[in-house]
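Peer 1: Could you have a look at this structure, given as structure tokens, before my questions?
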DNA sequence: TTGTGGTGTGCACACGTGTGCGCGTTCGGA
DNA sequence: TCCGAACGCGCACACGTGTGCACACCACAA
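Residue numbers (the working numbering), protein chains in the order written: chain A, 80 to 421; chain B, 80 to 421.
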């Protein structure tokens, strides 16, 4: 930290007390115009840069938001953070970012570090914390918002913003039924049990509501210790239920892997089998074929979280937010009749 | 910022001065074992969380690194930031992130904000600052490292980490020549004139060195006001030089657009034309066909930048770093003979 | 002349932490 | 017994900023 000019330095040069300098620069009313003018000019000339750290200490607020993210390089979370930042920028907040892979200990450590830095609030994306950790965090008193957390919780300082996973599954089911598919599969992931269950439930129950028999809905799940994309590849290879003409995947990563798996197997997508993903990753547009998917409003997710966190910091209360995903039709899903003709 | 327990509170409860508490917690030597034990226990029991803001003020260093990034959602920069964070995490630093789109004013504003926060150093990724702004920043004295900046500069506190763009272009040329291509094109972008020039120069001069005539090297450049991916699409559509069998693109975004453009035009990649990109975006793996590209070591870029910045902060001097890209062969490029046979 | 009210400025403290210096105590050796 | 050294701890200050209160000054009216 380079030694920089302080208001004391300016005060000395201007022949006044640091109090006057502080007031002049912050636009206090009862300062004579000439003194204010001289101080402002002097500050500019001396290259004064206010010390936000000292201000934070004095004001008891840091104007900083802590964000805990599982993987910095994940484009999905990148867009969420973009949404968070957009709101922060308007309110003059800064973003303190900490990575913490999918590990409870690491996440807790990251949160503790942010609390040491006295952030005004914390946003945790993709949290996998258990009930005991959450209780512990609640005691710390920091306002927190969890985005797409796998658990729900009841507390005054802890809130969540989630996507409606059940609705997402239902939308996928509606889409495939509308296309005429009669025998379908769900490719799940055990790594995020909460959302996986809801997506599959929304999918299956809606299919049943449309009159499909449960015996015509096949389910598979990849191993927990491999990457989703590899899991998708494996499940596509392993799928040997005759007559299955459509697959709904837990997320786009699995779907992209499935596309590769079906291609390697010689099964044409979408002519032989339709594939639907979830998330709308940036790369879903550029896969072959471009992926039909249930799109999450990623930036909105971040914006909403930040907005609600600001409310929490302000001392007011907010409700948990649930955002609805939307169907994005591309080329990896097609009507059954057309598929059979091909 | 919630009111939290301070060392004064602990001191009061322990019946000692805050000095003793501070020393006990920081592992000072000349503190009796029993007092230290009691204080540590008390601190734990009272839920003491050190105030990093006060520590920063006292120690005159914030243990915080500022990062200015053009677009939070850009997966390329996501990986770079991941590299930065990896090094930061080992040294206990935190990351203060500010977004600033491709705009000199915004970038300067972001840097000023970080300086107010008294970050120990700043990393600017994808800077587009002009010479006058850079001179201005130099005067501010903060150690800074620029990643893939479009300009070079000479200063003690400013350093750069860049990819060897010329070498990247040369590698692409070597690859296409080795595949037997005799007439090729370069799809450029005017938005980043510095790196665009170097990539094209490395590409063209190497081709010439391999004996190719300049008249057999076709160049195009997209408009500055559209997205790269759309530019790639347009250039692919517009390409009507007969006999061109390979295209090297300024980056993967243009290459992905070109893939779509050629597909729409009915030109098969790679059978009729080979396409090579630059960057190795995550989605380059999942395009159709998977994209051959000149891969940038993105995480290494971030790690190196952070490493050099730490050296700069430590008061030592470092040289500018230049990293070499590598060829990543996928399916969008193929030998000429095979292409003609197909 | 005195009282009143407004204006401009400074003193002193607060925020939470770390540390140089000094003081009192204890301990060991001569 | 005495003295120096080591030990254990607190005072007071520093870091840079903001603010409640008090004070001096001026203008104006009574």
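Note that the Cβ used here is the ideal one computed from N, Cα and C, for glycine as well.
1. Grouping DSSP H, G and I as helix and E and B as strand, with all else coil, what is residue 261 (chain A)?
2. In whole angstroms, give me the CA-to-CA distance for residue 222 (chain A) and residue 141 (chain B).
3. For the structure I just gave you, are there three or more beta carbon pairs, one from the segment 146-165 of chain B and one from the segment 119-138 of chain B, closer than 8 Å?
4. For a contact defined as C-beta to C-beta under 8 Å, what are the partners of residue 132 (chain B) on chain A?
5. Is there a C-beta anywhere in chain A that falls below 8 Å from the one on residue 149 (chain B)?
6. Using DSSP with H/G/I as helix, E/B as strand and the rest coil, what is residue 271 (chain B)?
7. Applying the 10 Å Cβ sphere with the 16-neighbour rule, what's the burial state of residue 87 (chain A)?
8. Quick check: what's the CA-CA separation for residue 91 (chain A) versus residue 387 (chain B)?
9. Quick check: the Cα distance between residue 272 (chain A) and residue 349 (chain A), rounded to an integer number of angstroms?
10. Does the count of Cβ pairs from the segment 292-304 of chain B and the segment 225-240 of chain B closer than 8 Å reach three?
11. Could you spell out where the alpha helix (DSSP H) holding residue 310 (chain A) opens and where it closes?
12. Among A:107, A:116 and A:109, which one has its Cα closest to the Cα of residue 93 (chain A)?
13. Along the segment 174-203 of chain A, what residues have a CB closer than 9 Å to any CB found in chain B?
14. Determine the DSSP secondary structure at residue 336 (chain B), reduced to helix, strand or coil.
15. For the segment 275-285 of chain B and the segment 237-254 of chain B, state whether three or more C-beta atom pairs, one from each stretch, are separated by less than 8 Å.
16. Is any heavy atom of the ligand SAM found at a distance shorter than 7 Å from the C-beta of residue 296 (chain B)?
17. How is the alpha helix (DSSP H) around residue 238 (chain B) delimited, first residue to last?
18. Who does residue 176 (chain A) pair with in a DSSP beta bridge?
19. Quick check on residue 42 (chain A): does DSSP put it in helix, strand or coil?
20. Whole angstroms are fine: how far does the CA of residue 149 (chain B) sit from the CA of residue 338 (chain B)?
21. What residue range does the alpha helix (DSSP H) around residue 190 (chain B) cover?
22. Confirm, please, whether the CB-CB distance from residue 198 (chain A) to residue 224 (chain A) is below 8 Å.
23. So is residue 161 (chain A) in contact with chain B if we call contact Cβ pairs under 8 Å?
24. On a Cα-Cα basis, can you pick out the residue from B:312, B:309, B:328 and B:402 that is closest to residue 297 (chain B)?
25. Could you check the C-alpha separation between residue 370 (chain A) and residue 206 (chain A) for me, to the nearest Å?
26. Just the Cα atoms here: how many angstroms apart are residue 279 (chain B) and residue 173 (chain A)?
27. Indicate whether at least one CB of chain B lies closer than 8 Å to the CB of residue 158 (chain A).
28. Pull up the distance between the alpha-carbon of residue 238 (chain A) and that of residue 395 (chain B), whole angstroms please.
29. Terminal residues of the continuous alpha helix (DSSP H) containing residue 111 (chain A)?
30. What residues from chain A crowd round residue 366 (chain B), counting only those whose CB sits closer than 9 Å?
31. Give me the residue from B:325, B:282 and B:153 with the minimum Cα distance to residue 261 (chain B).
32. Using the C-alpha atoms, what's the distance from residue 189 (chain A) back to residue 236 (chain A)?
Peer 2: So, from the listed chains and residues:
1. coil
2. Rounded to whole angstroms, residue 222 (chain A) to residue 141 (chain B) spans 23 Å at the Cα level.
3. no
4. 132, 135, 136, 141, 196 and 197
5. no
6. coil
7. exposed
8. 37 Å
9. 28 Å
10. no
11. 307-317
12. A:116
13. 174, 175, 176, 177, 178, 191, 192, 193, 194, 195, 196, 197, 198 and 199
14. helix
15. yes
16. The ligand SAM is absent from the structure shown, which contains no ligand whatsoever.
17. Here residue 238 (chain B) belongs to no alpha helix (DSSP H); instead the beta strand (DSSP E) covers 237-242.
18. A:146 and B:174
19. Residue coverage of chain A in this structure runs from 80 to 421, which leaves residue 42 (chain A) outside it and unanswerable.
20. 26 Å
21. 183-195
22. No, the Cβ-Cβ distance between residue 224 (chain A) and residue 198 (chain A) is not below 8 Å.
23. yes
24. B:328
25. 27 Å
26. Taking the straight line joining both Cα atoms gives about 39 Å.
27. yes
28. 46 Å
29. Looking at the DSSP string, residue 111 (chain A) is not in any alpha helix (DSSP H), and its letter there is neither H nor E.
30. Those within 9 Å of residue 366 (chain B) in chain A are 362, 365, 366 and 367.
31. B:325
32. 18 Å
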